[in-house]
Amino acid sequence: ALSEGDAIATHALERVFRKADFAKMRVVGQFNLGFILAVLGSDLFIVDQHASDEIFNFERLQRTTTLNRQPLIAPARLDLTAAEEQTVRRHMDVFLANGFGFCEDAERGAVGAPLGDDDDADADA
1 ALSEGDAIAT HALERVFRKA DFAKMRVVGQ FNLGFILAVL GSDLFIVDQH
51 ASDEIFNFER LQRTTTLNRQ PLIAPARLDL TAAEEQTVRR HMDVFLANGF
101 GFCEDAERGA VGAPLGDDDD ADADA
């Protein structure tokens, strides 16, 4: 059995902080010109302003930026292990969203070369 102190510590570690909780925080000050002091309920938070700005900009760019493909003159052959091939197939939407496409090698039946814009129909292979 856990001691009372261990139980309290375990409960504190199991708490979840969600992004929406930031809107509920009350700013109480600034520390060392780079950290915001804020409270939520009885909890005090020290928020790194630089890190907050970086994640905000990163998430904004992810939402608003569309990457365009630049087809290769000669497709590059990828020699993938079975596990790597499955990873590509499982995350194809992520690759496509980031400008990478693939086609299958008819001889090997494996994921192969990055696609150009005119090869989009084969991207789901």
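If you count by the working numbering, then the sequence shown holds residues 1 to 125, one letter each, in order.
Note that beta-carbon positions come from the ideal geometry of N, C-alpha and C, so glycine has one too.
DSSP lists V27 and F45 as the bridge partner or partners of A38. Residue L96 holds the alpha-carbon nearest to the alpha-carbon of N68 among A38, Q30, L96 and A12. The Cβ atoms of I46 and F56 do not sit closer than 8 Å to each other. For I8, the enclosing alpha helix (DSSP H) begins and ends at E4 to E14. Excluding sequence positions up to five before and after H50, its CB lies within less than 8 Å of the CB of G34, all in the same chain and listed in chain order. Counting only the Cα atoms, E85 lies some 39 Å from D21.
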